[in-house]
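Chemist: Right, I'll just put the structure down here and ask away after.
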Amino acid sequence: MQIEITTDPISPWQRLDSYQQQMPGLVGKVGASAVFVGSMRDFNEDESISAMRLEHYPAMTLKYLQDLVNQTMQQWSLLDVLLLHRVGEVTPGDTIVLVAVWSAHRAEAFAACRHLMEELKSRAPFWKQETLREGGRRWVGKNTPG
Amino acid sequence: MTIEVKFFASLRERVGHSDLQLEPAGITTVTDVWQQCTREAMPANVLMAVNLEYVQSGHPVHDGDEVAFFPPVTGG
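Chains as they are written, first to last, in this note's numbering: chain A, 1 to 146; chain B, 1001 to 1076.
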């Protein structure tokens, strides 16, 4: 299991590939892998967005995500989880979040991946501040429903 | 010892503080911490945590605790 909060750009497919190469013990046990990649749009609520800044509460974010991943791995008997989240300055197209889960069967993989994303979006202490193309900045008030 | 208080995102800008240290005298709950740090009523949608765990406003606060206030979260 790996959880990482980073200011560096995330290359989701490269990270997945290198992570999977480090889990040889699970070859033959994994029957399902589910992956969610969330990236930045260049529009929100009818406004054109040129950039965004992601702030977080570092100690609480890490603890919240560790507890969430541990609970989710138990609930769905997952074999492994990789969770990456970007913070700092991002621009449209950048990957913001990667959630990958590995399990024996697809039902657990789909459900657990969805659960991790929905809980992260509704409870993990991250905040987005958008830079509008027309000028000015604004805090995002709430996430769109899943 | 003191109580460490943190504000994040739009709430940090609204109250004008990022980090504060409070003397524990007179503080029993999270609501008391808010009232000592700000001059306004607590907005209805404020989220709060003590020692990195979500709590409600009536949660007890002790010397040495870290108390945080923040707006609805928007990660992912």
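For glycine and all other residues, C-beta sits at the position ideal for the given N, C-alpha and C. Please read all numbers here as calculations on a predicted model, not as lab measurements.
1) I want to see whether chain A comes within less than 8 Å of Ala-1009(B), judged by CB atoms only; does it?
2) Of the residues that make up the segment 1052 to 1070 of chain B, which ones have a beta carbon closer than 9 Å to any beta carbon in chain A?
3) From which residue to which residue does the beta strand (DSSP E) around Gln-14(A) run?
4) With C-beta atoms as the reference, is Glu-118(A) less than 8 Å away from Leu-68(A)?
5) Identify whether His-105(A) lies in helix, strand or coil by the three-state DSSP scheme.
6) Helix, strand or coil: how does DSSP classify Met-1(A) here?
7) Short of 6 Å in beta carbon distance, which residues of its chain neighbour Val-35(A), apart from the five on each side in sequence? Order them along the chain.
8) Which residues in chain A have a C-beta closer than 8 Å to the C-beta of Gly-1076(B)? List them in chain order.
9) DSSP on Pro-9(A), reduced to helix/strand/coil?
10) When you compare the CB of Ala-205(A) with every CB in chain B, is at least one pair closer than 8 Å?
11) Out of Trp-127(A), Ala-104(A), Arg-133(A), Leu-116(A), point me to the one whose CA is closest to Gly-28(A)'s CA.
12) Run through chain A and tell me which residues come within less than 7 Å of Val-1030(B), C-beta to C-beta.
13) For Gln-1021(B), report the span of its beta strand (DSSP E) as first-last.
14) Assign Lys-142(A) to one of two classes, buried (16 or more other C-beta atoms within 10 Å of its C-beta) or exposed (fewer than that).
15) State the start and end residues of the unbroken alpha helix (DSSP H) segment that holds Met-73(A).
16) So if I threshold CB-CB distances at 7 Å, which residues from the segment 65 to 82 of chain A count as touching chain B?
17) Over what stretch of residues does the alpha helix (DSSP H) that includes Asp-147(A) continue unbroken?
18) Can you find a C-beta in chain A that's less than 8 Å from the C-beta of Val-1073(B)?
19) Could you tell me the distance, in whole angstroms, from the CA atom of Met-148(A) to the CA atom of Pro-92(A)?
20) Between the beta-carbon of Ile-96(A) and the beta-carbon of Ser-11(A), is there less than 8 Å?
21) Looking only at its own chain, which residues have a Cβ that is under 8 Å from the Cβ of Asp-1065(B), when we skip the five neighbours before and after it?
22) Under 7 Å between beta-carbons, which chain A residues line up against Ala-1049(B)? List them in chain order, please.
Modeler: Based on what the coordinates show:
1) Answer yes: the Cβ-Cβ gap between Ala-1009(B) and chain A drops below 8 Å somewhere.
2) From the segment 1052 to 1070 of chain B, only Leu-1052, Glu-1053, Tyr-1054, Glu-1066, Ala-1068, Phe-1070 have a Cβ closer than 9 Å to chain A.
3) In the DSSP assignment, Gln-14(A) falls outside any beta strand (DSSP E) and within the unbroken alpha helix (DSSP H) covering 12 to 21.
4) Not in contact: Glu-118(A) and Leu-68(A) (Cβ atoms no closer than 8 Å).
5) It is coil, neither helix nor strand.
6) Look at Met-1(A) here: in three-state DSSP terms it is coil, with no helix or strand label.
7) The beta carbon of Val-35(A) lies closer than 6 Å to those of Ala-100 in the same chain, with the five residues before and after it left out.
8) Gly-38, His-85, Ile-96, Val-97, Met-117, Leu-120, Lys-121, Ala-124, Phe-126, Asn-143, listed in chain order.
9) Three-state result, Pro-9(A): coil.
10) Past the edges of chain A, shown from 1 to 146, lies residue 205(A), and the structure says nothing about it.
11) Gly-28(A) has its Cα closest to that of Ala-104(A), out of Trp-127(A), Ala-104(A), Arg-133(A), Leu-116(A).
12) Neighbours of Val-1030(B) on chain A: none; closest Cβ ~15 Å, over 7 Å.
13) First-last of the beta strand (DSSP E) with Gln-1021(B): 1019 to 1022.
14) The residue in question, Lys-142(A), is exposed, as its Cβ has fewer than 16 Cβ neighbours within 10 Å.
15) Run containing Met-73(A): 58 to 75, per the alpha helix (DSSP H) assignment.
16) Listed by position, the residues of the segment 65 to 82 of chain A near chain B (Cβ gap below 7 Å) amount to none.
17) Coverage of chain A is limited to positions 1 through 146, which leaves residue 147(A) absent and any answer about it impossible.
18) The C-beta of Val-1073(B) comes closer than 8 Å to at least one C-beta of chain A.
19) The shown model of chain A, from 1 to 146, leaves out residue 148(A), and the question about it has no answer.
20) Not closer than 8 Å, so no.
21) Correct list, in chain order: Ile-1003, Glu-1004, Val-1050, Asn-1051.
22) Within chain A, the residues near Ala-1049(B) are Met-60.
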